[in-house]
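To keep things clear, I will list the structure first and then write my remarks on it.
In the numbering used here, the protein residues as written are 281 to 799.
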């Protein structure tokens with residue numbers, strides 16, 4: 281509403297206060313407008329996340345460090361290549377095709393092997409060999425199972441016949457390999473079922489999407505026990521990453537979707553050589569409140585590495601110190617990135633560069649033991665973080681409390697204890713990018729499929745995505761892994777008390793041992 285002249289105060293101090301408040305409000309609106317422009321018109325892969333060109337060059341001014349460029353987080357890669365930066369060598373595979381692939385040889389003999397001069401027989405003096413990567417497209421076939429009957433001509437009760445082997449889908453038309461292919465295509469390579477129906481139709485197989493959905497649901501039913509074991513294994517680790525993302529679910533009664541949640545629980549001790557292998561388990565829930573995460577982490581005690589969402593803080597308070605929160609430094613940095621993008625604030629740039637120095641140190645010690653990481657952090661990173669906190673504390677009182685820069689500073693200061701837990705425990709990472717990377721498959725599948733058809737479908741999604749994406753974390757072929765796991769469970773070769781053998785890391789180790797023995 282416009283300000284009327286007769287409503288203006290006559291006191292000069294009141295007028296000054298009003299002008300300052302309006303100026304701060306205008307600045308906040310300008311920032312919001314710039315943010316919306318970036319969301320709508322900005323480069324898609326880097327909306328809200330483009331940093332200054334010099335950020336990754338570690339031009340730190342008064343901060344002297346010999347830190348090298350770290351592996352950048354997943355939220356702030358520069359949109360353009362910094363000037364003068366040495367271009368990394370492209371990762372190409374030239375002339376070194378994988379040795380494990382089978383070789384199919386074709387020998388090209390010359391048209392004649394007689395000497396053109398004396399007509400004598402030529403003899404082989406050498407050969408040239410070249411290799412190219414070839415492919416055989418997927419072939420659909422009909423697998424016929426024949427069970428002969430044998431009887432005795434002398435007896436009446438002597439008929440012998442092999443038993444019917446258990447099948448993934450009783451009386452169904454799909455083999456375990458085909459169902460595994462459908463599951464992997466959807467949850468590993470993000471190919472929705474309706475597209476798979478179109479691909480099958482191109483090969484003369486006409487199926488309804490509901491048929492494929494039934495196969496997926498049945499596979500999830502068989503794998504539920506393995507999924508629950510994987511989730512319990514992750515939650516029994518002393519340090520767990522956690523994050524959540526929206527999942528639209530169709531609500532038939534309202535003829536629209538409602539927003540539910542996928543929670544991700546992950547573990548990964550590879551950065552410091554710890555015992556926990558990389559794994560992720562997704563949990564479907566109707567909401568993202570404290571009661572949901574409290575129910576999922578019932579009985580958990582240890583370090584929970586998360587972002588600054590209030591539900592995690594309430595969970596830690598309710599557990600009376602049994603859960604210690606480690607917050608994400610990448611989230612704190614992201615807020616300063618947004619401020620710099622919209623206001624070009626020199627102080628925001630300074631904070632980004634200071635945090636980049638910390639990430640550079642982390643890049644150098646990645647792969648070291650927890651004790652070695654802690655020693656380096658105490659020697660080098662602790663002073664950088666202390667200097668950063670002093671700068672944040674000194675500048676925040678000079679800013680309007682509702683400005684975006686003040687909000688970013690207050691976020692960092694309010695979460696400082698959790699943001700600096702990595703300085704007191706060498707097992708802790710500086711950010712929660714481990715679980716954020718595990719959220720990408722869910723986001724990709726959600727973008728291609730748009731929504732889940734029902735709560736049951738969302739639960740199946742969580743089960744199958746957990747199994748398949750953990751296999752990908754271990755660089756396994758998800759198709760071969762899933763088909764073998766399903767065959768073992770359905771046939772009964774692997775009993776319920778042996779399911780730990782089918783966890784991706786144990787399955788991989790067993791196959792590696794078998795390959796070594798065979799070699």
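Heads up, the beta-carbon is just placed ideally off N, CA and C, and yes, glycines get one too.
Open item on the list: Taking the alpha-carbon of residue 547 as reference, which of 708, 720, 317, 318 has the nearest alpha-carbon?
Closed with: 708
TODO: Determine the burial state of residue 341: buried for a count of at least 16 other Cβ atoms within 10 Å of its Cβ, exposed for fewer.
DONE: Annotation note: pLDDT 36 at residue 341 (below 50); position unreliable, coordinate value reported separately. The residue in question, residue 341, is exposed, as its Cβ has fewer than 16 Cβ neighbours within 10 Å.
- [ ] Work out the CA separation of residue 296 and residue 559 for me, nearest whole Å.
- [x] 58 Å
- [ ] Evaluate residue 439 with the Cβ neighbour count: other Cβ atoms within 10 Å of its Cβ, from every protein chain shown; 16 or more gives buried, anything less gives exposed.
- [x] exposed
TODO: Identify, in the order they occur along the chain, each residue of the same chain with its Cβ nearer than 7 Å to the Cβ of residue 473, setting aside the five sequence neighbours on each side.
DONE: 466, 489, 492, 493
- [ ] From the DSSP output, in three-state form, read off residue 349 for me.
- [x] Reliability of the predicted coordinates at residue 349 is poor, the pLDDT of 39 falling under 50, and no value is obtained from them.
Task: Local Cβ density within 10 Å of residue 379, reported as buried at 16 or more and exposed below that - done: exposed
Open item on the list: Assuming contact is defined by CB atoms lying nearer than 8 Å, are residue 470 and residue 746 in contact in what I supplied?
Closed with: no
Open item on the list: With a threshold of 8 Å on Cβ separation, who are the neighbours of residue 503 within its own chain once the five nearest residues in sequence on each side are excluded?
Closed with: 743, 744, 747, 765, 766, 769
Task: Short Cβ contact (8 Å threshold) for residue 583 with residue 543 - done: no
- [ ] Look at residue 388 and residue 413 and say whether their C-beta atoms are less than 8 Å apart.
- [x] no
TODO: Would you kindly report the start and end of the unbroken beta strand (DSSP E) that includes residue 791?
DONE: From DSSP, residue 791 is part of no beta strand (DSSP E) but of the alpha helix (DSSP H) over 784-798.
Open item on the list: Taking 8 Å as the threshold (C-beta atoms), are residue 509 and residue 783 in contact?
Closed with: yes
Open item on the list: Considering only the alpha carbon of each residue, which of 406, 433, 518, 476 lies closest to residue 554?
Closed with: 518
TODO: Check whether the Cβ atoms of residue 619 and residue 625 lie closer than 8 Å to each other.
DONE: yes
Open item on the list: Taking a contact to mean a Cβ-Cβ separation below 8 Å, would you say residue 230 touches residue 460 in this structure?
Closed with: The question about residue 230 has no answer here: the residues shown for the chain are numbered 281 through 799.
TODO: Have a look at the DSSP bridge pairing and note the partners of residue 679.
DONE: The partner list for residue 679 (beta bridge, DSSP) is empty, contrary to what the question assumes.
Task: Residue span of the beta strand (DSSP E) that contains residue 436, given as start and end - done: Element bounds for residue 436: n/a, residue is neither H nor E.
- [ ] Determine contact between the stretch 430-446 and the stretch 718-736, defined as no fewer than three beta-carbon pairs at a distance below 8 Å.
- [x] no
- [ ] Per DSSP, which residues does residue 422 bridge with? Please list them.
- [x] According to DSSP, which records beta bridges pairwise, residue 422 is partnered with nothing at all.
TODO: Measure from the alpha carbon of residue 311 to the alpha carbon of each residue in 605, 408, 750, 615, then state which is nearest.
DONE: 615
Task: residue 430 versus residue 446 - alpha carbon distance - done: 21 Å
- [ ] Could you check the C-alpha separation between residue 451 and residue 740 for me, to the nearest Å?
- [x] 22 Å
TODO: Tell me residue 564's beta-bridge partners as DSSP assigns them.
DONE: 542
TODO: Could you check the C-alpha separation between residue 278 and residue 449 for me, to the nearest Å?
DONE: A query on residue 278 cannot be resolved here, the shown segment of the chain reaching from 281 to 799 and no further.
TODO: Go ahead and pull the three-state DSSP assignment for residue 410.
DONE: coil
Open item on the list: Beta-carbon within less than 8 Å of residue 569's beta-carbon, same chain only, minus the 5 sequence neighbours each way: which residues are those?
Closed with: 591
Open item on the list: For residue 649, which residues in the same chain have their Cβ closer than 7 Å to its Cβ, ignoring the five residues on either side in sequence?
Closed with: 552, 553
Task: residue 392 to residue 384 span [Cα, whole Å] - done: 24 Å
Open item on the list: Using C-beta distances below 7 Å, list every residue in its chain close to residue 462, excluding the 5 sequence neighbours before and after it, in chain order.
Closed with: 476, 492, 495, 496
TODO: Can you have a look at residue 309 and say buried or exposed, based on whether 16 or more other CB atoms are within 10 angstroms of its CB?
DONE: exposed
Open item on the list: Quick check: the Cα distance between residue 703 and residue 639, rounded to an integer number of angstroms?
Closed with: 13 Å
Open item on the list: Suppose the cutoff is 6 Å on Cβ atoms and the five residues either side in sequence are ignored; what does the same chain contact list for residue 499 look like?
Closed with: 459, 463
TODO: Take every Cβ of the stretch 776-791, pair it with every Cβ of the stretch 528-545, and state whether three or more of those distances are shorter than 8 Å.
DONE: no
Open item on the list: Here's the rule: buried if 16 or more other CB atoms are within 10 angstroms of the residue's CB, otherwise exposed. What is residue 710?
Closed with: buried
Task: Three-way DSSP call (helix, strand, coil) for residue 550 in this model - done: helix
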